[in-house]
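Numbering-wise, the sequence shown is residues 213 to 393 according to my numbering.
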Amino acid sequence: MPPKLSTQTVLVIGGTSGIGLAVAAEALAQSAAHVTISGSNAAKLSAALAHLRGTLPTASDHHSRVSGYTCDLSADGPSVEANLRALLAATVAGNGRGRIDHVAYTAGDALPLTPVSSLTASAIHAGGAVRFVGALLLAKLLPEFTTPSPASSLTLTGGVNTNRPSPGGWTVAAALFPHMP
Numbered sequence: 213m214p215p216k217l218s219t220q221t222v223l224v225i226g227g228t229s230g231i232g233l234a235v236a237a238e239a240l241a242q243s244a245a246h247v248t249i250s251g252s253n254a255a256k257l258s259a260a261l262a263h264l265r266g267t268l269p270t271a272s273d274h275h276s277r278v279s280g281y282t283c284d285l286s287a288d289g290p291s292v293e294a295n296l297r298a299l300l301a302a303t304v305a306g307n308g309r310g311r312i313d314h315v316a317y318t319a320g321d322a323l324p325l326t327p328v329s330s331l332t333a334s335a336i337h338a339g340g341a342v343r344f345v346g347a348l349l350l351a352k353l354l355p356e357f358t359t360p361s362p363a364s365s366l367t368l369t370g371g372v373n374t375n376r377p378s379p380g381g382w383t384v385a386a387a388l389f390p391h392m393p
């Protein structure tokens, strides 16, 4: 039986470190046709691409099977949507297949520990920008760039801080993110 990902394109948003980088590496190990990673930091993106390309058996695979793009998901709503649209379009253009088969959304940023007495509306909105707004806008845009079917997927990830927030203050994560899958 051929590997399940042998003809598939996998996009990992937040693929420059941690779980996202591990997902990208495993997709390549499972013979994904093309893996695209994204991150907000260009230096981390370059390092992650070098790491992934180093796992491939031949130099000819380095650019044909792995690509990466910066994508800032921490901006305001219209910019996030435009940034995601550009990322999805670049992924489709770069894979030569006209679609994306699987997306893993592992993006996250550092959330401050903020006591309830110090919370502001802007801090709450900023805390949800990457994990909540970005994920919802991705779900909105993705049907334009994929063929929705039982063979395609969108996977959203979370972290342990939503279940066990650090002591010392109220966290936006503890309030908002337990309600997400």
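Think of the CB as a built atom: it goes at the ideal place given N, C-alpha and C, for glycine as much as any other residue.
Query raised in the report: Skipping 5 residues on each side, what residues in its chain have a beta carbon closer than 6 Å to that of residue 296?
Result: Taking the first residue of the sequence shown as 1, we reach residue 296 at position 84. Once the five neighbours on either side are set aside, the close Cβ partners of residue 296 are 349, 350 and 353.
Query raised in the report: Quick one: what's residue 366 bridged to in DSSP?
Result: Position 154 of the sequence shown, counted from the first residue, corresponds to residue 366. DSSP lists 315 as the bridge partner or partners of residue 366.
Requested in this report: Flag this pair as yes or no: are the beta carbons of residue 248 and residue 223 separated by less than 7 Å?
Outcome: For the purposes of this step, residue 248 is taken as the residue at position 36 of the sequence shown. For the purposes of this step, residue 223 is taken as the residue at position 11 of the sequence shown. Result yes, Cβ atoms of residue 248 and residue 223 sit closer than 7 Å.
Report task. For residue 367, count neighbouring C-beta atoms within 10 Å of its own C-beta (all shown protein chains included) and say buried if the count is 16 or more, exposed if not. Result -> Taking the first residue of the sequence shown as 1, we reach residue 367 at position 155. Residue 367 should be labelled exposed.
Requested in this report: Return the CA-CA distance between residue 332 and residue 230, expressed in angstroms with no decimal places.
Outcome: In the sequence shown, the residue the question calls residue 332 occupies position 120. In the sequence shown, the residue the question calls residue 230 occupies position 18. Distance between the alpha carbons of residue 332 and residue 230 is about 30 Å.
Requested in this report: Determine the extent of the beta strand (DSSP E) in which residue 222 is found, giving its start and end residues.
Outcome: As a working note, residue 222 is residue 10 in the sequence shown. That run of the beta strand (DSSP E) goes 221 to 225.
Query - Cβ pair residue 294, residue 225 closer than 7 Å - result: In the sequence shown, residue 294 corresponds to position 82, counting from 1. In the sequence shown, residue 225 corresponds to position 13, counting from 1. With respect to the 7 Å criterion, residue 294 and residue 225 are not classified as neighbours on the basis of their beta carbons.
Query raised in the report: Going by the beta-carbon positions, is the gap between residue 232 and residue 261 smaller than 7 Å?
Result: Position 20 of the sequence shown, counting from 1, holds the residue named residue 232. Position 49 of the sequence shown, counting from 1, holds the residue named residue 261. For the 7 Å CB-CB criterion, residue 232 and residue 261 do not form a contact.
Report task. Could you please give me the residues that DSSP links to residue 232 through a beta bridge? Result -> To locate residue 232, count along the sequence shown from 1; it is residue 20. Answer is none; residue 232 lacks a bridge partner.
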